[in-house]
Amino acid sequence: MAQSSPDASPATGQPSRAEFVVLAAGLMSLVAMSVDLMLPAFGEISDHFALANPNDRQAMITVVFAGLMVGQVFFGPLSDYVGRKPAIVIGLATHIVGSLICMFASDYTALLLGRFLQGFGGAAARIVIVAMVRDRFVGQAMGQIMSVVLTVFILVPVFAPAIGQAMLLVLPWPALFGYLAIHALVAGVWLFARQPETHTERQRFDARNLLASALIVLRTPVAMIYAIAAGCAFGTLLGYIVSSQQILQDLYGTGSAFALYFGLTAGFVALATIANAWLLGRYTMELVTGVAIGIQMAWSALFLLFLLVSDPIPPLWLWMIFITVTLFLVGMTFGNYNAIALRPLGKIAGIASSVTASLQTLFSMVVATLIGASFDMNVLPVVIGSLVMAMLGSLLMVLGRRVSAQSTASGS
Numbered sequence: 021m022a023q024s025s026p027d028a029s030p031a032t033g034q035p036s037r038a039e040f041v042v043l044a045a046g047l048m049s050l051v052a053m054s055v056d057l058m059l060p061a062f063g064e065i066s067d068h069f070a071l072a073n074p075n076d077r078q079a080m081i082t083v084v085f086a087g088l089m090v091g092q093v094f095f096g097p098l099s100d101y102v103g104r105k106p107a108i109v110i111g112l113a114t115h116i117v118g119s120l121i122c123m124f125a126s127d128y129t130a131l132l133l134g135r136f137l138q139g140f141g142g143a144a145a146r147i148v149i150v151a152m153v154r155d156r157f158v159g160q161a162m163g164q165i166m167s168v169v170l171t172v173f174i175l176v177p178v179f180a181p182a183i184g185q186a187m188l189l190v191l192p193w194p195a196l197f198g199y200l201a202i203h204a205l206v207a208g209v210w211l212f213a214r215q216p217e218t219h220t221e222r223q224r225f226d227a228r229n230l231l232a233s234a235l236i237v238l239r240t241p242v243a244m245i246y247a248i249a250a251g252c253a254f255g256t257l258l259g260y261i262v263s264s265q266q267i268l269q270d271l272y273g274t275g276s277a278f279a280l281y282f283g284l285t286a287g288f289v290a291l292a293t294i295a296n297a298w299l300l301g302r303y304t305m306e307l308v309t310g311v312a313i314g315i316q317m318a319w320s321a322l323f324l325l326f327l328l329v330s331d332p333i334p335p336l337w338l339w340m341i342f343i344t345v346t347l348f349l350v351g352m353t354f355g356n357y358n359a360i361a362l363r364p365l366g367k368i369a370g371i372a373s374s375v376t377a378s379l380q381t382l383f384s385m386v387v388a389t390l391i392g393a394s395f396d397m398n399v400l401p402v403v404i405g406s407l408v409m410a411m412l413g414s415l416l417m418v419l420g421r422r423v424s425a426q427s428t429a430s431g432s
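Each number in the working numbering comes from the position in the sequence shown (counting from 1) with 20 added on.
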């Protein structure tokens, strides 16, 4: 494993830490950019393809995550066999092909195919770059680098819709897909030219060993329980994202201010990660997560009751208060669920991360599809989705604790 010191620089054959952080953040942000940059254009794209059902536009998001789900399982192990750089380059090339298909799509089916390829290819950058950080940095330096990279990654949804909105003022919507292709191309050239391969001890491809490791993950009850719980949290977030353009632009008529409102909600998710890190220095993950999910459940129930006795279309200012608080609470739980899920699988953390990430993506896609398909020019589906997912997440936590206690008691 080609690990370097925290002070690695071009003189040692490696880009400086600052350059590496920018490169890593640019790669990891590709999927988020592919989703959030396009949100302001959904109305125009829907009109261009004359979609009969306004909710059909939501597929432009869910198919990206379908591609991501498949890609996460594929590119993680691939990078162990062919190297980090080749795996990422293959993914970026796939993403570029998908972007060009979207750019020149003659029908909506072709556009969705391109979106799937964007998600599939983008999974390489999102998954493999984490392994590259582990390869290059050790100890505290690794934690510092990942913290900075993830902070930039989290902030992308705050600014991406504004970039897309600004581009739409002077360019047609296909240009946004051209921008995504250029983003992937520049990142790929930069990676190829500046970053040496970090994984020199290649593994032989062993299908039986890979399958055996995946089965261990699937047969570990705690991992499966908390992976589904993470899917509940991400499903709440994704359910809002797929409905956000219709809620903010079609329902509330925010127009070009959509990017501002969406960025505000995304900003609260970013704030939640900071608050969560501070709280975890003082309390356990289980306690922080349990309190957050309990508050989300009570908050969603109270707001739903208010909507049922008053109006399913609250004022915009009230809706923004509800959704920002809800997404803040979701941001407090998602990462913790993932960490708890991987806790008993340290020896096979790589494949475990891929399997659990794909499982939670699949579950969240189902949740988001149900929430989005229920949209009928009011906010009830998102509120109900938040309540149901909080309740399910809470039940899964109780089940997870019992299973963990039984495993500890039996010494397994």
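Virtual Cβ for every residue (Gly too), placed ideally from N, Cα, C.
Closest in C-alpha terms to Val206, from the list Asn398, Gly46 and Gly255, comes Gly46. Taking Asn398 as the centre and dropping the five residues before and after it, the same chain places the C-beta of Pro332 and Ile333 closer than 7 angstroms to its C-beta, in chain order. For Ser406, the secondary structure class from DSSP, reduced to helix, strand or coil, is helix.
In the structure shown, Val418 adopts helical secondary structure according to DSSP, grouped into three states.
Apart from the 5 residues on each side of it in sequence, Val178 sits with its Cβ closer than 6 angstroms to the Cβ of Gly283, Ala286 and Gly287 in its chain, given in chain order. Cα atoms of Leu175 and Val242: separation of roughly 31 angstroms, rounded to the nearest angstrom. Between the region 383-394 and the region 70-84 there are three or more C-beta pairs closer than 8 angstroms, enough to call the two in contact. In this structure Tyr260 is in contact with Leu347, their Cβ atoms being roughly 7 angstroms apart against a cut-off of 8 angstroms. Closest by C-alpha distance to Phe40, out of Gln269, Ile371, Gly91 and Arg156, is Arg156. If you compare the alpha carbons of Ala312, Met317, Leu230 and Phe197 with that of Ala125, the shortest gap goes to Phe197. When secondary structure is reduced to three states using DSSP, Thr240 falls in the coil class, being assigned neither helix nor strand. Following the DSSP letters along the chain, one finds Ser66 inside the alpha helix (DSSP H) bounded by residues Phe62 to His68. In chain order, Ile313, Gly314 and Met317 place their CB closer than 7 angstroms to the CB of Ser414, counting only its own chain and leaving out the 5 sequence neighbours on each side. Between the alpha carbons of Ser54 and Val311 lies a gap of roughly 33 angstroms. It is roughly 39 angstroms from the alpha-carbon of Leu98 to the alpha-carbon of Asn73. Take Ser66, set aside five residues on each side of it, and the residues of its chain with a beta-carbon closer than 7 angstroms to its own are Pro74 and Arg77, in chain order. If you draw a straight line from the Cα of Gly96 to the Cα of Val148, it comes to about 6 angstroms. In the displayed model, Val329 falls within a helix according to three-state DSSP. DSSP places Arg37 inside the alpha helix (DSSP H), whose first and last residues are Arg37 to Met48. Collapsing the DSSP output to three states places Gln269 in a helix. Annotated as proximal: Val51 and Arg146, with beta-carbon spacing under 9 angstroms.
Under the three-state reduction of DSSP, Leu98 is assigned to helix. Between the C-alpha atoms of Trp337 and Leu268 there is a straight-line separation of about 11 angstroms. Secondary structure of Thr218 (DSSP, three-state): coil.
Contact annotation: Ala361 and Tyr246 have beta-carbon atoms nearer than 9 angstroms. Non-local C-beta neighbours of Ala44 in its own chain, meaning closer than 6 angstroms and more than five positions away in sequence, comprise Ile149 and Val169, ordered along the chain. Leaving aside the five residues that flank Phe342 on each side, the residues in its chain whose CB is nearer than 6 angstroms to its CB run, in chain order, Phe323.
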